[in-house]
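Residues 1 to 434 in the numbering used here are what the sequence shown lists, from first letter to last.
Just so it is clear, CB atoms sit at the ideal spot from N, CA and C, and this is done for glycine as well.
Below is one structure, written out as C-alpha cells; comments come after it.
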Amino acid sequence: MIFYNSITKKKEKFRSLQKKIIRMYVCGPTVYGPSHLGHAVTYIRFDFLRRFLEFLNYRVKFVMNITDIHDDILKKSRELKIPPKKLADKYAKEFYKDLESLKIKKAFKYPRVSEHLKEIINLIKTLVEKGYAYETGDGVYFDISKFKNYGKLSGIKIEKEITGTRVKTDKYEKEEAFDFALWKKENDEWLFDSPWGKGRPGWHIECSAMSIKYLGIPFDLHGGAIDLIFPHHENEIAQSEAAFNKKFVNFYLHSGLLYVNGQKMSKSLGNYIELRDFLKKYPARFLRFFVFLHHYRSPIDFNDKNLKNSWETYFNLNEKIKKLKGQNLKKKDLQNLVKILKDDFNSPKFFASLYELIEENKISLKDLQKFDKFLLFLFPWKKLTIKEKKLIKQREKLRREKKFKEADKIRTDLEKKFIYLQDLKDKTLVINLN
C-alpha cells in the first residue's frame, strides 16, 4: 500500500508500526457553531480511508479531538450571552449527530481539551524544563529557534519569514515572531489554573498531548485538511519531537479543500454552506458519493455544474445497480480494484473501473455489498416506508385507470423525497436515492 506522505513530499510504501494495527489521528472541529460542508468533506474522506484499511483487515485505532476550549468559543459565547462550556457542549453534541447522519464510523476516542488539561500542562512543563519554551507576562511560548527541524513539513524557512503567520492572529508578546503560544495568560471570565497562572491552552498543544496519550509516539497516520499543514501540524511536530526526542508521526495525509464556484469557502465571502442546509436539498448518501468522485488530496469545487453532473452519475449508478444481473467478480478484477485503492486511495480511478464492471454485468450484487462496507453509497440507507409503498401501488392503480394527472402528482411528491419511478413495459422500477 502506498500513500503520499506530506513530510517527504512523495509517495511511499506504507507499513504499520504494529502488525495489522494502525493508529490514526485526525484533527477534529472547534465547536462553536454548526458543521459546514468543508468539515463534512474532510471527515468523509478520512472515513473512507479508515474503512478501506479495515476492509484490508487492519484494526484501526482512530482518534479525533474536539476543541472545546478556544478563543473563538469565548467570542461566540459573549455574542450569544451564554457560558462558553454550554456553547461548546451544544455544538459538540450536534457534531456527533452530523457524523452519524453521514455514517462516519465512530472513533475509538473523541478527546476534549477540557478533559485533558492535566496532560496539556504536563507537556508544557516538559518543554519549559528542556529549554524549548519560555514564559512571558502574557503566556508560555515555544521557541522555534531551539528546534532545528522546524519547517520540515511546510517548507517554511524561519529566517525568510520575519513577520510570521501567527503574529497576525496572536496579539501577545514574543521573543521571536514565529514563536507560538502553549499557554495564554488571560484576564476574563473563562480561566483555568496552571503553574504559570490562570489562562487557557494554546491551540496546537492540545493535539500533541491528546494524540500521544491515546496513540503513543510515534503513531502511524495523522490526517487533516491541507490548510492545517502550517502552522498547526508544523507546530505539533516541533513541540512533540522536542518534548519526547522521538519522531512524532510516520505518515501525514492531507486532504484538499472545498471551494464554492472557484473560491475557498468562508463566512467572509458569503459562500459558507452549513451541512444541514445541504442535506435539505440532497440525501446524505449522495454527499459520500460526491466526495468519493474526487481524489482525497484534490480540491473539490462545489458548483452547480459539478453537482448536476455528479447527481446524474449517481442516479445512473443506482439505476444500473437496480437492474444488475451480474456474475461473480473475477479474481483478477477484484485484485485490480483493490490495487487501485492501495495506490494512494485513487477513488476516481476505482469508481470508473467499478462503474464499467456494473455496466457490463461483470459484478454481482453480493460483490457490491462487500465493497459497500467502506463505500456506503451503493445501496439505499433508508427503506421505503409503508406509506411510500402504498403511494407507489396507488399510482399504479391510477395509471391503469388512466388518471395520469393524479398519478403524476404522486410521482412528483415522491421525487421530493429522492424516490424516483421508472415505468417499464411490465413493471415500475423504484430507484431510491436515500
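Residues that DSSP places opposite residue i in a beta bridge
| i | result |
| --- | --- |
| residue 11 | 4 |
| residue 294 | Bridge partners of residue 294: none, in fact. |
| residue 438 | A query on residue 438 cannot be resolved here, the shown segment of the chain reaching from 1 to 434 and no further. |
| residue 343 | 2 |
| residue 236 | Residue 236 is not bridged to any residue. |
| residue 327 | Paired residues: none, contrary to the question. |
| residue 36 | 274 |
| residue 263 | 260 |
| residue 42 | Answer by DSSP bridge pairing: none, since residue 42 is not bridged. |
| residue 192 | 199 |
Buried versus exposed, by CB contacts within 10 Å (16 or more), residue i
| i | result |
| --- | --- |
| residue 111 | buried |
| residue 18 | exposed |
| residue 309 | exposed |
| residue 415 | exposed |
| residue 234 | buried |
| residue 5 | buried |
| residue 208 | buried |
| residue 35 | buried |
Straight-line gap, residue i to residue j (C-alpha atoms, nearest Å)
| i | j | result |
| --- | --- | --- |
| residue 322 | residue 305 | 26 angstroms |
| residue 143 | residue 242 | 10 angstroms |
| residue 429 | residue 16 | 46 angstroms |
| residue 188 | residue 82 | 15 angstroms |
| residue 212 | residue 218 | 8 angstroms |
| residue 377 | residue 204 | 35 angstroms |
| residue 71 | residue 113 | 13 angstroms |
| residue 273 | residue 103 | 20 angstroms |
| residue 247 | residue 357 | 43 angstroms |
| residue 240 | residue 249 | 10 angstroms |
Candidates the options: closest to residue i by CA position
| i | options | result |
| --- | --- | --- |
| residue 327 | 424, 345, 38, 360 | 360 |
| residue 135 | 87, 185, 265 | 185 |
| residue 52 | 84, 33, 1 | 1 |
| residue 299 | 249, 325, 404, 260 | 260 |
| residue 149 | 104, 68, 236, 120 | 236 |
| residue 95 | 364, 122, 28 | 28 |
| residue 128 | 425, 197, 141, 409 | 141 |
| residue 407 | 417, 216, 391, 77 | 391 |
| residue 64 | 84, 79, 50, 25 | 25 |
| residue 30 | 105, 62, 66, 432 | 66 |
| residue 344 | 402, 320, 251 | 251 |
| residue 37 | 245, 206, 381, 291 | 291 |
| residue 146 | 194, 403, 341, 245 | 245 |
Unbroken beta strand (DSSP E) run spanning residue i, endpoints
| i | result |
| --- | --- |
| residue 23 | 21–26 |
| residue 64 | 59–64 |
| residue 199 | 199–201 |
| residue 419 | 419–423 |
| residue 135 | 133–136 |
| residue 184 | 180–185 |
| residue 430 | 428–432 |
| residue 225 | 219–225 |
Enclosing alpha helix (DSSP H) for residue i [first to last residue]
| i | result |
| --- | --- |
| residue 348 | 347–359 |
| residue 254 | It is not in any alpha helix (DSSP H) - residue 254 instead sits in the beta strand (DSSP E) that spans 249–255. |
| residue 141 | Segment 139–142 is the beta strand (DSSP E) holding residue 141; no alpha helix (DSSP H) there. |
| residue 313 | 304–323 |
| residue 126 | 117–129 |
| residue 88 | 84–101 |
| residue 113 | Taken as a continuous stretch (DSSP letters only), residue 113 belongs to no alpha helix (DSSP H), as it is neither H nor E. |
| residue 385 | Counting along the chain, residue 385 falls outside any alpha helix (DSSP H), and DSSP gives it neither H nor E. |
| residue 369 | 365–375 |
Proximity test, Cβ basis, 8 angstroms: residue i and chain C
| i | result |
| --- | --- |
| residue 74 | The chain labelled as chain C is not found in the depicted structure, where only one protein chain is given. |
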